[in-house]
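Residue numbers (the numbering used here), protein chains in the order written: chain A, 7 to 353; chain B, 1019 to 1567.
Think of the CB as a built atom: it goes at the ideal place given N, C-alpha and C, for glycine as much as any other residue.
Just so we're clear, the structure is a prediction, and the values are computed from it rather than from any experiment.
#1: Taking Cβ positions, are residue 1161(B) and residue 1082(B) nearer each other than 8 Å?
#2: Beta-carbon within less than 7 Å of residue 1029(B)'s beta-carbon, same chain only, minus the 5 sequence neighbours each way: which residues are those?
#3: If the cut is a Cβ gap below 7 Å, which residues of chain A does residue 1503(B) touch?
#4: What residue range does the beta strand (DSSP E) around residue 135(A) cover?
#5: For residue 232(A), collect the residues of the same chain with a Cβ closer than 8 Å to its Cβ; drop the 5 residues on either side in sequence, then sort them by chain order.
#6: Give the C-beta separation of residue 248(A) and residue 141(A) to the nearest angstrom, bearing in mind that I take them to be a contact with Cβ-Cβ under 8 Å.
#7: Does the distance from the C-beta atom of residue 1494(B) to that of residue 1552(B) stay below 8 Å?
#8: When the Cα atoms are used, what is the spatial distance from residue 128(A) to residue 217(A)?
#9: So which residues of chain B does residue 319(A) contact, with C-beta pairs closer than 9 Å?
#10: Which same chain residues, not among the five before or five after residue 1051(B), have their C-beta less than 7 Å away from its C-beta?
#11: Span of the beta strand (DSSP E) holding residue 66(A)?
#12: Between which two residues does the beta strand (DSSP E) harbouring residue 269(A) extend?
#13: Would you say the segment 86-93 of chain A touches the segment 175-182 of chain A, given that touching needs at least three Cβ pairs under 8 Å?
#14: Locate the beta strand (DSSP E) running through residue 88(A), then write down its first and last residues.
#15: By how many angstroms is the C-alpha of residue 1349(B) removed from the C-alpha of residue 1230(B)?
#16: Assuming residue 1440(B) and residue 1363(B) form a contact by the criterion Cβ under 8 Å, report the distance between their Cβ atoms to the nearest whole angstrom.
#17: Taking 8 Å as the threshold (C-beta atoms), are residue 1451(B) and residue 1414(B) in contact?
#18: Sorted by chain position, which residues of the same chain lie with C-beta nearer than 6 Å to residue 304(A)'s C-beta, five sequence neighbours on each side aside?
#19: Who does residue 38(A) pair with in a DSSP beta bridge?
#20: Taking 8 Å as the CB-CB limit, is residue 223(A) close to chain B?
#21: Can you say whether residue 1208(B) is buried or exposed, counting buried as having 16 or more other CB atoms within 10 angstroms of its CB?
#22: What is the DSSP secondary structure of residue 30(A), counted as helix, strand or coil?
#23: Rounding to the nearest angstrom, what Cα-Cα distance links residue 295(A) and residue 301(A) in this structure?
#24: Just to make sure I have the definition right: I need the residues of chain A whose C-beta is within less than 7 Å of the C-beta of residue 1051(B). Which are they?
#25: Residues of chain A with CB under 7 Å from residue 1429(B), in chain order?
#26: Are the beta-carbon atoms of residue 1175(B) and residue 1453(B) separated by less than 8 Å?
#27: Contact criterion: CB-CB distance below 8 Å. Does residue 1409(B) meet it with respect to chain A?
#28: Is residue 353(A) near residue 1236(B), with beta carbons less than 8 Å apart?
#29: Taking 8 Å as the cut-off, decide whether the C-beta atoms of residue 251(A) and residue 228(A) are in contact.
#30: With a threshold of 8 Å, are at least 3 pairs of Cβ atoms found where one atom belongs to the segment 1332-1339 of chain B and the other to the segment 1527-1536 of chain B?
#31: Have a look at 1544(B), 1521(B), 1556(B), 1532(B) and flag the residue whose alpha-carbon is nearest the alpha-carbon of residue 45(A).
#32: Are residue 1455(B) and residue 1555(B) touching if we call contact CB-CB under 8 Å?
#33: Can you round the beta-carbon distance between residue 350(A) and residue 49(A) to whole angstroms, since I take them to be within the 8 Å contact cut?
#34: What are the partner residues of residue 360(A), as DSSP defines its beta bridges?
#35: Taking the C-alpha atoms as reference points, what is the distance between residue 1543(B) and residue 1167(B)?
#36: Expressed to the nearest angstrom, what Euclidean distance is found between the alpha-carbon atoms of residue 214(A) and residue 246(A)?
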């Protein structure tokens, strides 16, 4: 037992010794990222290789990161905040954690719809939430809009994950800004009545459930399906092959043809950024051709920069029209959306 | 002077408790904040669902861990049957598997889209809906998953209690005509009650704090409510208030248990610790005991372990093994450090409580103990607030006085991370040490004092040797808990610092379960070795146990 304790003391001393680190003087940039390490590190490494600027990274949920930034205050080491949805960028802006960026590169490469008009945040990739359907049992001619999913003809046929998920919250927020709270609540009630099962699991689980026949439709983000199509597991590939993508709200007048629901992953400059110049340089790199191509190839997300080629999988789903709703709206209505989903019984 | 000398250390312990309670108190302090009508909304919609489902979950897990923990503990301690030797330590193994990992693996196997149901469908040519199969993602599923990985707390603590029981009381009960099973239910279990309850309390607190499993299974418990309120409605205040309510509920449970224990004492006066007479089981009983003890090991460890191993093998070409060395090293050193500190502090606090069981001491210990029932993310924010405040205050003072900016000295360092571990897991160490300490009769202390020993010497020369098993158990539990810990590490860690748990979570969070398997497997493997070493030393720690035997 004594030896065990001695060993433990040694490790403790070692940890204590390395706990206090001193930052090097070389150029560096500190990133707080809500995108997981394996989905961002390759781009950051590329940036370091090209510029010689060291990138320091912490990943966690966006709300945890913004809470940390807020509490760290003026001494926060954070330069860049990366999130995987626009709502969190807006929340950070509301909390006064961001500062505007003026950059010709960012403004010329990113369409105005996908960045803040004052430069508080910028989209770096697009994430579309679509309907996937069972190829064998659903005639795509029956599909039309998100609104139509609340129609009783789909009773017991729809799978979707929990409303705790941010992408469902964003979709409902978009509905609120198009139709208002009361009509959206009505829609959510209709949708819940059409559920094939209580919401559970992630987006891949919904796709698999369609494939094995538990439901006929599912509402999912496209990159999950792309991930399954390119999975190593033969099961997952087979499940992905059993479903097809339907882009909602493509045809018709007014709201009916407004386009598919889009969210962004984005970047914003911290108000107290100690390495502002390097941070802006990194933001510009994120919309460079090579970084955008990487997003499209490795993550199967849609590039925010027009004209960047997308992966084969994405090409196979064709072109689509995106909802032109100002993304601020998603943030503004998020809390209302959660409340109405609570009331509608969307778990 | 002499008085100050005696009370100085105790005062220091109270101050220490208060210091460690700061995160919990920070969460409580949020009660006064405004929450923009979120509470009214919760009362109108889901609050009762949250409460109902949390209670259901606690009740189910509570009953199941008692069955899976206490009975095997008694069987392997007091009886012999084929496999009882290795089951002694194997029963601890599920502890090494994080709850959300076991949930992911069983879901991967048993869900409608998994291979088991797929096999049923292709073999019998059925479609979905043509056959009945238990729904894994359900309340029952969550209860089973949590129970399978949490019962070792009850097992370890009750086994320790059974090992430390004097053989005399059991012999007395036998001479009074009680059957071995009656001796178990009427003497051994009631005597082991503080230990069993301590284990159960840990399990229930961990159940309430669990987020990964309930979230994945789509349940609406108090924890999912906390995060939905915080992340979905952007109301950190209401989330902290929900957490405070959770802690009050735990406090009520703890007080109720202590009240029901009343003035009962659980130490014994005999010092006869001869080798425990182990009953050799025969026939049907032998088989039944074997199956009953093997089931939790098979389902809580073997099945998920093999599934993870299979997935890891399947995805080996996708996994970057070069980073694993660092990940393992980071996870292990944090776990060692936290286990050691929690052990020393837990022992000091428990001992101080024994010496001075006054109101201030009891209250401060109780508040400190609540940290375990709160979701790690909430506690982490409770750690972040005082650390950031301290750093920023010092920084602005230094700027004003000397024109030097010190920046953040403690926030974002491993010191903050380890502090959070201590706040969260010290209750584990304290509960375990307490349960052991409660069985040492006060006359031992008196004897020590009459021989002129000070409190410090009594601790070192009498209690520590007698508590060896409890101390090892405490260190083991904290070690494995830290190895599995995710949310506090995630938020508080320094730049470019990763652990196995973070790696596993990030891949699982992208719904890449099979790719996450390799690092999940590493958590389990890193946990197994200390689990085996320590559970072997626990069996060797029984007073009177002959080491050469």
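Taking the structure as given:
#1: In the second chain, counting from the first residue as 1, residue 1161(B) sits at position 143. In the second chain, counting from the first residue as 1, residue 1082(B) sits at position 64. A contact, by the Cβ cut-off of 8 Å.
#2: As a position in the second chain, residue 1029(B) is number 11, starting the count at 1. Around residue 1029(B): no qualifying Cβ.
#3: If you number the second chain from 1, residue 1503(B) lands on position 485. The premise fails here: residue 1503(B) is roughly 14 Å from chain A at the closest Cβ pair, so nothing lies under 7 Å.
#4: Along the first chain, one-based indexing puts residue 135(A) at 129. Its beta strand (DSSP E) spans residues 128-140.
#5: The residue you call residue 232(A) lines up with position 226 of the first chain. Taken in chain order, the residues that qualify are 306, 317, 319, 320.
#6: For this step, residue 248(A) is matched to residue 242 along the first chain. For this step, residue 141(A) is matched to residue 135 along the first chain. Between residue 141(A) and residue 248(A) the Cβ distance is about 6 Å, and since that is below 8 Å, they are a contact.
#7: Numbered from its first residue, the second chain carries residue 1494(B) at position 476. Numbered from its first residue, the second chain carries residue 1552(B) at position 534. Yes, the Cβ-Cβ distance between residue 1494(B) and residue 1552(B) is below 8 Å.
#8: One-based indexing of the first chain puts residue 128(A) at position 122. One-based indexing of the first chain puts residue 217(A) at position 211. Straight-line Cα distance between these residues: approximately 36 Å.
#9: In the first chain, counting from the first residue as 1, residue 319(A) sits at position 313. Those do not exist, as residue 319(A) stays about 16 Å from chain B at its closest Cβ, beyond 9 Å.
#10: As a first step, residue 1051(B) is located in the second chain; it is residue number 33 there, counting from the start. Short of 7 Å from the beta carbon of residue 1051(B), and not among the five residues preceding or following it, lie these beta carbons of its own chain, in chain order: 1255.
#11: The sequence position of residue 66(A) within the first chain is 60, counting from 1. No beta strand (DSSP E) holds residue 66(A); DSSP gives it neither H nor E.
#12: Working through the first chain from its first residue, we reach residue 269(A) at position 263. From DSSP, the beta strand (DSSP E) with residue 269(A) extends over 267-276.
#13: In short, these stretches touch, since the Cβ pair count reaches three.
#14: Along the first chain, read from residue 1 onward, the residue named residue 88(A) stands at position 82. It spans 86-89 - the beta strand (DSSP E) in which residue 88(A) sits, taken as one unbroken run.
#15: Here residue 1230(B) corresponds to residue number 212 of the second chain, with the count starting at 1. Here residue 1349(B) corresponds to residue number 331 of the second chain, with the count starting at 1. The C-alpha of residue 1349(B) is placed about 19 Å away from the C-alpha of residue 1230(B).
#16: Counting from 1 along the second chain, the entry for residue 1440(B) is found at position 422. Counting from 1 along the second chain, the entry for residue 1363(B) is found at position 345. Sure, about 7 Å apart at Cβ, within 8 Å.
#17: If you number the second chain from 1, residue 1414(B) lands on position 396. If you number the second chain from 1, residue 1451(B) lands on position 433. Taking 8 Å as the Cβ cut-off, residue 1414(B) and residue 1451(B) do not qualify as a contacting pair.
#18: Walking along the first chain from the start, residue 304(A) turns up at place 298. Beyond the five residues adjoining it in sequence on each side, residue 304(A) comes within less than 6 Å, by CB distance, of no other residue in the same chain.
#19: Against the first chain, residue 38(A) aligns to sequence position 32. DSSP lists 64(A), 87(A) as partners of residue 38(A).
#20: Along the first chain, read from residue 1 onward, the residue named residue 223(A) stands at position 217. Chain B contact via Cβ: absent.
#21: Locating residue 1208(B) in the second chain gives position 190, counting from the first residue. Classification for residue 1208(B): exposed.
#22: As a position in the first chain, residue 30(A) is number 24, starting the count at 1. Unreliable positioning characterises residue 30(A) in this predicted model, as indicated by a pLDDT of 46, which lies under 50. The coordinate reading is nonetheless provided below. In this structure, residue 30(A) counts as coil in the three-state DSSP scheme.
#23: Taking the first chain and counting its residues from 1, the one referred to as residue 295(A) is at position 289. Taking the first chain and counting its residues from 1, the one referred to as residue 301(A) is at position 295. If I take the Cα positions, the gap works out to 10 Å.
#24: By one-based count along the second chain, residue 1051(B) stands at place 33. Here the premise fails: no neighbours, minimum Cβ distance about 14 Å.
#25: The residue given as residue 1429(B) occupies position 411 in the second chain. What residue 1429(B) touches in chain A: 78.
#26: To locate residue 1175(B), count along the second chain from 1; it is residue 157. To locate residue 1453(B), count along the second chain from 1; it is residue 435. Yes, these two residues count as a Cβ contact at 8 Å.
#27: In the second chain, residue 1409(B) corresponds to position 391, counting from 1. Closer than 8 Å to some Cβ of chain A, the Cβ of residue 1409(B) qualifies, so yes.
#28: As a first step, residue 353(A) must be located in the first chain, where it is residue number 347. As a first step, residue 1236(B) must be located in the second chain, where it is residue number 218. Result yes, Cβ atoms of residue 353(A) and residue 1236(B) sit closer than 8 Å.
#29: As a working note, residue 251(A) is residue 245 in the first chain. As a working note, residue 228(A) is residue 222 in the first chain. Cβ distance < 8 Å, so residue 251(A) and residue 228(A) count as in contact.
#30: Segments in contact, yes.
#31: Translated into the one-based positions of the first chain, residue 45(A) becomes position 39. Closest option to residue 45(A), Cα to Cα, is 1521(B).
#32: Translated into the one-based positions of the second chain, residue 1455(B) becomes position 437. Translated into the one-based positions of the second chain, residue 1555(B) becomes position 537. No, they are not a contact pair.
#33: Counted from its first residue, the first chain places residue 350(A) at position 344. Counted from its first residue, the first chain places residue 49(A) at position 43. The pair is not a contact, with the Cβ atoms about 39 Å apart (cut-off 8 Å).
#34: Because chain A spans 7 through 353 in this model, residue 360(A) falls outside it and cannot be assessed.
#35: By one-based count along the second chain, residue 1543(B) stands at place 525. By one-based count along the second chain, residue 1167(B) stands at place 149. Roughly 15 Å separates the two Cα atoms.
#36: Here residue 214(A) corresponds to residue number 208 of the first chain, with the count starting at 1. Here residue 246(A) corresponds to residue number 240 of the first chain, with the count starting at 1. So the alpha carbons of these two residues sit roughly 7 Å apart.
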